[in-house]
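Beneath this line is the structure, given in structure tokens, with notes to follow.
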């Protein structure tokens with residue numbers, strides 16, 4: 003070690019005896035030019051599409067997806083390559099990103115996403131990492147090509163104009179709305195909303211007494227017997243049930259809901275005339291008169307369908323009930339506010355009625371990153387807080403209940 | 461005594477190395493040693509920035 007330090011010291015401090023100063027400086031200059039050029043060439047080579055897709059994960063999974071999109075092939079012949087979007091363009095961020103790729107090299111070596119199945123399962127993680135990056139830098143890489151200041155809003159379709167002018171005014175990040183634009187969106191069923199964990203834990207510590215009414219904190223399977231072996235259907239989050247008896251790890255609950263007297267009548271709703279799904283029975287048992295008691299039947303004047311008030315009792319595992327439905331709505335409200343306001347001002351819950359929300363929500367939920375469970379709870383929240391339940395001025399038929407409020 | 465010996469020997473050793481190994485040393489330093497040092501320095505810089513992003517700054521804004 004001492005020898006090495008001494009060697010380096012000598013190398014730098016002792017003047018050369020045989021080589022002239024000019025030769026040394028010129029030689030050093032040439033070496034410097036070559037080294038810098040070599041470095042830039044290497045940087046560029048690792049920033050080429052060929053380099054990215056030389057790895058089979060990229061080649062097999064992401065290339066075919068990109069090839070279906072406008073970023074691969076379009077009428078103007080301008081095309082985005084992998085690093086145009088996924089590698090920062092400035093030196094510092096770029097070098098940092100390249101070093102970050104050591105993690106990807108490691109992933110490749112241990113085969114984290116070695117197969118299509120593994121890739122699809124892991125995709126949500128990768129996508130979220132990229133979404134956070136784009137959210138933090140305001141989609142700077144997109145804006146190397148598409149910048150607000152260069153957009154002619156008048157040439158856009160009217161619907162796009164509204165959204166784009168608002169986005170430009172807020173200098174909004176592109177990927178806030180345009181997710182999945184060059185690749186398929188991740189399947190959200192693998193994702194979980196961590197907010198539900200608190201519900202699950204409060205449900206597991208909830209003291210349940212027979213004769214009281216509780217609400218489902220998580221979706222639950224319904225059984226015909228206390229051994230929980232014979233499945234008869236499922237019940238949704240926030241559905242009210244009355245606990246009848248508790249035996250071991252099971253409890254018998256009573257459902258009092260409504261259904262349409264049509265087909266099997268499998269889907270049970272929480273209120274008369276409103277499509278707010280609360281439980282779904284298997285079709286073998288939905289018409290079983292020993293299980294299902296019809297209390298009342300009424301015709302819905304809007305559709306001419308006959309609705310039946312029905313009741314049934316079923317067994318379910320313990321630890322899934324809470325005594326107040328409010329914590330569920332708190333989670334749903336937070337998710338609704340944050341997910342929907344990304345692209346437009348979210349309409350008031352009571353702007354629409356309970357039977358309008360499912361269609362509207364179904365058309366929009368694909369633009370958000372809500373997982374399936376959250377989406378279901380949010381829809382239910384919107385329906386149960388819709389104009390049918392609201393006492394404010396936004397009744398059905400009020401002028402502002404028919405207009406989507408995507409205005410500045 | 462030891463010190464004296466080194467001082468005595470030093471000029472002749474320098475002459476010797478200068479005479480025989482000055483060119484290979486220069487070429488090795490200019491074309492191999494320093495370029496590698498440069499790449500290592502940039503890589504280290506990249507890692508430092510990355511770790512700072514993880515720990516303090518968050519993703520680049």
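Chains as they are written, first to last, in our numbering: chain A, 3 to 410; chain F, 461 to 521. In this text, a Cβ means the ideal position worked out from N, Cα and C, and glycines have one as well.
Using a Cβ-Cβ cutoff of less than 8 angstroms, which residues in the same chain neighbour residue i once the five nearest sequence positions on both sides are dropped?
{"i": "residue 285(A)", "result": "266, 268"}
{"i": "residue 214(A)", "result": "244, 245, 325"}
Indicate the three-state DSSP secondary structure (helix, strand or coil) for residue i in the structure shown.
{"i": "residue 231(A)", "result": "coil"}
{"i": "residue 163(A)", "result": "helix"}
{"i": "residue 86(A)", "result": "helix"}
{"i": "residue 208(A)", "result": "coil"}
{"i": "residue 329(A)", "result": "helix"}
{"i": "residue 305(A)", "result": "coil"}
{"i": "residue 225(A)", "result": "strand"}
{"i": "residue 300(A)", "result": "strand"}
{"i": "residue 18(A)", "result": "coil"}
{"i": "residue 196(A)", "result": "coil"}
{"i": "residue 181(A)", "result": "coil"}
{"i": "residue 215(A)", "result": "strand"}
{"i": "residue 315(A)", "result": "strand"}
{"i": "residue 242(A)", "result": "strand"}
{"i": "residue 26(A)", "result": "helix"}
For chain F, check one thing: does any of its Cβ atoms lie closer than 8 angstroms to the Cβ of residue i?
{"i": "residue 90(A)", "result": "yes"}
{"i": "residue 29(A)", "result": "yes"}
{"i": "residue 26(A)", "result": "yes"}
{"i": "residue 134(A)", "result": "yes"}
{"i": "residue 94(A)", "result": "yes"}
{"i": "residue 100(A)", "result": "yes"}
{"i": "residue 47(A)", "result": "no"}
{"i": "residue 97(A)", "result": "yes"}
{"i": "residue 169(A)", "result": "no"}
{"i": "residue 41(A)", "result": "yes"}
{"i": "residue 356(A)", "result": "no"}
{"i": "residue 33(A)", "result": "yes"}
{"i": "residue 37(A)", "result": "yes"}
Between which residues of its own chain and residue i is the CB-CB distance below 7 angstroms, once the five residues before and five after are set aside?
{"i": "residue 363(A)", "result": "381, 384"}
{"i": "residue 255(A)", "result": "243, 244, 245, 246, 315, 316, 318"}
{"i": "residue 359(A)", "result": "381, 384, 385, 388"}
{"i": "residue 322(A)", "result": "205, 218, 219, 220, 222"}
{"i": "residue 348(A)", "result": "338, 339, 342"}
{"i": "residue 79(A)", "result": "none"}
Can you name, in chain order, every residue of its own chain whose Cβ lies under 6 angstroms from the Cβ of residue i, other than the five neighbours on each side?
{"i": "residue 54(A)", "result": "60, 84"}
{"i": "residue 263(A)", "result": "308, 310"}
Fill in: Contiguous alpha helix (DSSP H) assignments of at least 4 residues, all confined to the segment 336–396 of chain A
359–366, 374–386
Practice prompt. Residues of the segment 478–502 of chain F with a CB closer than 8 angstroms to any CB of chain A: list them in chain order, please.
Written response: 478, 479, 482, 483, 485, 486, 487, 489, 490, 491, 494, 495, 498, 499, 502
Discussion item. Which residues of the segment 6–25 of chain A have a Cβ closer than 7 angstroms to any Cβ of chain F? Give them in chain order.
Written reply: The residues in question are 13, 16, 18, 19, 20, 21.
Worksheet item: Given a limit of 7 angstroms on CB to CB distance, which residues of the segment 506–518 of chain F reach chain A?
Response: 506, 507, 509, 510, 513, 518
Worksheet entry | Residues, ordered as in the chain, of the segment 118–146 of chain A that lie near chain F by beta-carbon distance below 7 angstroms | For the segment 118–146 of chain A, which is checked against every Cβ of chain F, the residues closer than 7 angstroms are 134, 135, 138, 139.
Worksheet item: Going along the segment 102–118 of chain A in order, which residues come within less than 7 angstroms of chain F, judged by CB to CB distance?
Response: For the segment 102–118 of chain A, residues whose beta-carbon sits nearer than 7 angstroms to a beta-carbon of chain F comprise 102.
Worksheet item: Can you list the alpha helix (DSSP H) stretches of 4 or more residues lying completely in the segment 65–120 of chain A, in chain order?
Response: 65–68, 84–88, 93–112
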